[in-house]
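Asks: The structure follows.
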Amino acid sequence: MAKILLIEDDVELAGTVSKWLKLERHSVDVVGDGNDGLAFALNGSYEILVVDVQLPGMNGFEIVRNYRESGSKVPIIMLTGKSHIDDKESGFEAGADDYLTKPFSVRELVARIKALLRRPRAFDNDYSIGNLTLNSGSRRIMKNGAEINLLPIDHSVLEFLMRHPNEVFSAETLISRVWPTDKFPSTDAVRSSIKRIRSAIDEDGQDSIIETISKVGYRLNRS
Numbered sequence: 112m113a114k115i116l117l118i119e120d121d122v123e124l125a126g127t128v129s130k131w132l133k134l135e136r137h138s139v140d141v142v143g144d145g146n147d148g149l150a151f152a153l154n155g156s157y158e159i160l161v162v163d164v165q166l167p168g169m170n171g172f173e174i175v176r177n178y179r180e181s182g183s184k185v186p187i188i189m190l191t192g193k194s195h196i197d198d199k200e201s202g203f204e205a206g207a208d209d210y211l212t213k214p215f216s217v218r219e220l221v222a223r224i225k226a227l228l229r230r231p232r233a234f235d236n237d238y239s240i241g242n243l244t245l246n247s248g249s250r251r252i253m254k255n256g257a258e259i260n261l262l263p264i265d266h267s268v269l270e271f272l273m274r275h276p277n278e279v280f281s282a283e284t285l286i287s288r289v290w291p292t293d294k295f296p297s298t299d300a301v302r303s304s305i306k307r308i309r310s311a312i313d314e315d316g317q318d319s320i321i322e323t324i325s326k327v328g329y330r331l332n333r334s
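The following block contains the structure:
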């Protein structure tokens, strides 16, 4: 299962693609505006981006260019109604990995996503804080050199916090940035997730590196 961001303003097409991807057991967030799409991409933990070219707010080329400038190497597939070679060149120059021209078979899109997910994870990122290391590509978490296992959602929460150390996030913000948009968890779900993460990563007799800020939210402290 991969976490996928689909940035597409065609509601019908987005719904069809999202449905197919979920049948393949992927988690899918759908955004219809370019500015919002870039914000989701920069603040989420995605394994594939599928980006339309013609979008309100910011076009797909700008999204991909800005996303690559942030340092991310997550694979990107661009969708467009334009078949001219210069448009495809613009997409690849911006940093896209693949390009699909509308109209297309959703089955073909799914096949291309699978192919990109099978690529060697050259875009892996390691995040290390204290005795804890998380690799975003292999999805492995090491504590004092030993691997620990978390539920998928707990892994995503921890990765998000490790990507943003010393920043405070409310439970509502964590829900909007980490949980799939088709899920409607309560803040109790966030508390439960943080509790499970702490149980797995904290050292006995020491304060948790994930601090609860009263009436505000949570912060992962990196000294």
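The working numbering applies: residue 112 is where the sequence shown begins, and numbers increase by one.
Just so you know, even glycine gets a beta-carbon here, dropped at the ideal spot from N, CA and C.
(1) Of the choices GLY143, VAL175 and ARG288, whose alpha-carbon is the least far from that of GLY168?
(2) According to DSSP, is ILE286 part of a helix, a strand, or is it coil?
(3) Inspect the beta-carbon positions of LEU149 and ILE174 and report whether they are closer than 8 Å.
(4) Does DSSP put TYR178 in a helix, in a strand, or in coil?
(5) Contact defined as beta carbons within less than 8 Å: I believe VAL268 pairs with VAL128. What is the distance between those atoms, to the nearest angstrom?
(6) Skipping 5 residues on each side, what residues in its chain have a beta carbon closer than 8 Å to that of ARG302?
(7) Span of the beta strand (DSSP E) holding LYS213?
(8) Looking at the structure shown, is ALA113 part of a helix, part of a strand, or coil, going by DSSP?
(9) In or out: ALA222 buried (at least 16 other Cβ within 10 Å) or exposed?
(10) Roughly how many angstroms lie between the CA atoms of ASP163 and GLY192, to the nearest whole one?
(11) Report all residues from its chain with a CB closer than 7 Å to the CB of PHE151; omit the five preceding and five following residues, and keep chain order.
(12) Measure the C-alpha to C-alpha separation of LEU153 and SER247 and round it to an integer number of angstroms.
(13) Should LYS114 and GLU180 be called a contact, given that it needs their Cβ atoms to be closer than 8 Å?
(14) Sort ILE240, VAL185 and HIS275 by Cα distance to ASP313 and report the nearest one.
(15) On the DSSP bridge list, what partners appear for ALA125?
(16) I'd like the list of long-range same chain contacts for LEU227, defined as Cβ closer than 8 Å, with 5 residues on each side in sequence excluded.
Replies: Considering the structure as presented:
(1) Here residue 168 refers to the residue found at position 57 of the sequence shown. Checked all of GLY143, VAL175 and ARG288; the closest Cα to GLY168 is GLY143.
(2) For this step, residue 286 is matched to residue 175 along the sequence shown. Helix.
(3) On the sequence shown, position 38 is the one that residue 149 refers to. On the sequence shown, position 63 is the one that residue 174 refers to. Yes, these two residues count as a Cβ contact at 8 Å.
(4) By 1-based counting over the sequence shown, the position of residue 178 is 67. DSSP places TYR178 in helix when its eight states are reduced to three.
(5) Locating residue 268 in the sequence shown gives position 157, where the first residue counts as 1. Locating residue 128 in the sequence shown gives position 17, where the first residue counts as 1. The pair is not a contact, with the Cβ atoms about 26 Å apart (cut-off 8 Å).
(6) Along the sequence shown, one-based indexing puts residue 302 at 191. Result list for ARG302: ALA282, in chain order.
(7) Working through the sequence shown from its first residue, we reach residue 213 at position 102. Where LYS213 is concerned, there is no enclosing beta strand (DSSP E), given that its DSSP letter is neither H nor E.
(8) Counting from one through the sequence shown, the residue named residue 113 turns up at place 2. DSSP places ALA113 in coil when its eight states are reduced to three.
(9) In the sequence shown, counting from the first residue as 1, residue 222 sits at position 111. By the 10 Å Cβ count, ALA222 comes out exposed.
(10) In the sequence shown, counting from the first residue as 1, residue 163 sits at position 52. In the sequence shown, counting from the first residue as 1, residue 192 sits at position 81. Distance between the alpha carbons of ASP163 and GLY192 is about 9 Å.
(11) Taking the first residue of the sequence shown as 1, we reach residue 151 at position 40. Closer than 7 Å at Cβ, skipping near neighbours: LEU116, ASP140 and VAL142.
(12) On the sequence shown, residue 153 is found 42 positions in, with the first residue counted as 1. On the sequence shown, residue 247 is found 136 positions in, with the first residue counted as 1. Answer to the nearest angstrom: the Cα atoms are 14 Å apart.
(13) Against the sequence shown, residue 114 aligns to sequence position 3. Against the sequence shown, residue 180 aligns to sequence position 69. Not closer than 8 Å, so no.
(14) Counting from 1 along the sequence shown, the entry for residue 313 is found at position 202. That would be ILE240, whose Cα lies nearest to the Cα of ASP313.
(15) Here the question's residue 125 lines up with position 14 in the sequence shown. BP columns for ALA125 are empty, so no partner.
(16) Within the sequence shown, residue 227 is the residue found at index 116, counting from 1. So the list reads ILE159, PRO186, ILE188, ASP208 and ASP209, once near-sequence residues are dropped.
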